[in-house]
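One structure is given here, and the rest of the page talks about it.
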Amino acid sequence: MKKYSFFLALVPCLLFGGRYGIGVIIGSPTGFTGKYFLARKSAVQINAGWSLIGNVGFHITGDYQFLFPGIIHGEQGETLENVVPYLGIGGRFRVKENEPANDTDFHVGLRLGGGIEYLIDRLGIFLELYPVVDFVPETDFDFEGGLGFRFYF
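Heads up, the sequence shown is in our numbering, so the first residue is 517 and it goes up one at a time.
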């Protein structure tokens with residue numbers, strides 16, 4: 517059984533070679549992150565984890581990202597291809613437990629923000645910030661973001 521599990525985990529890596537990354541994000545949410553490059557200038561990112569500050573709750577976020585490789589230049593004017601800023605638009609689903617009332621709130625919102633990722637071979641280190649407007653159960657404003665890393669396969 518272990519051989520089959522290893523093989524099933526290896527198949528996506530072989531199919532999407534260098535285009536898919538998984539890792540960890542620390543912030544809001546704190547948990548796991550995944551990114552799939554659709555093309556040189558676009559990607560899809562998914563985060564899943566918990567907010568550990570303020571309103572504790574489980575988050576799932578998904579974003580379409582517009583990547584801008586080669587837009588940042590060094591001191592001598594050279595293009596820094598491995599430093600990639602991005603803008604993203606997506607959504608958030610958050611489940612929040614209310615202790616005194618012993619009930620659960622479900623929040624659905626729109627994320628619009630961005631960040632920057634530094635790529636070193638198969639490792640990506642990123643910092644991002646996304647303002648969020650919740651529409652369900654009521655209109656509310658929040659910030660999400662964090663620092664993280666991903667290993668690309």
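Think of the CB as a built atom: it goes at the ideal place given N, C-alpha and C, for glycine as much as any other residue. Values in this document were obtained by computation on a predicted structure and should not be read as measured data.
Outcome for residue i when other beta-carbon atoms lying within 10 angstroms are tallied against a minimum of 16
{"i": "LEU583", "result": "buried"}
{"i": "ILE541", "result": "buried"}
{"i": "ALA559", "result": "buried"}
Helix, strand or coil at residue i according to DSSP, with G and I counted as helix
{"i": "ASP637", "result": "coil"}
{"i": "PHE657", "result": "strand"}
{"i": "PRO585", "result": "coil"}
{"i": "VAL648", "result": "strand"}
{"i": "GLY662", "result": "strand"}
Run of the beta strand (DSSP E) containing residue i, from where it starts to where it stops
{"i": "ASN563", "result": "558–567"}
{"i": "GLN592", "result": "Here GLN592 belongs to no beta strand (DSSP E), and DSSP marks it neither H nor E."}
{"i": "VAL540", "result": "536–544"}
DSSP bridge partner residues for residue i (one or two, in chain order)
{"i": "VAL572", "result": "Paired residues: none, contrary to the question."}
{"i": "LEU628", "result": "ILE605"}
{"i": "PHE667", "result": "ILE538, LEU639"}
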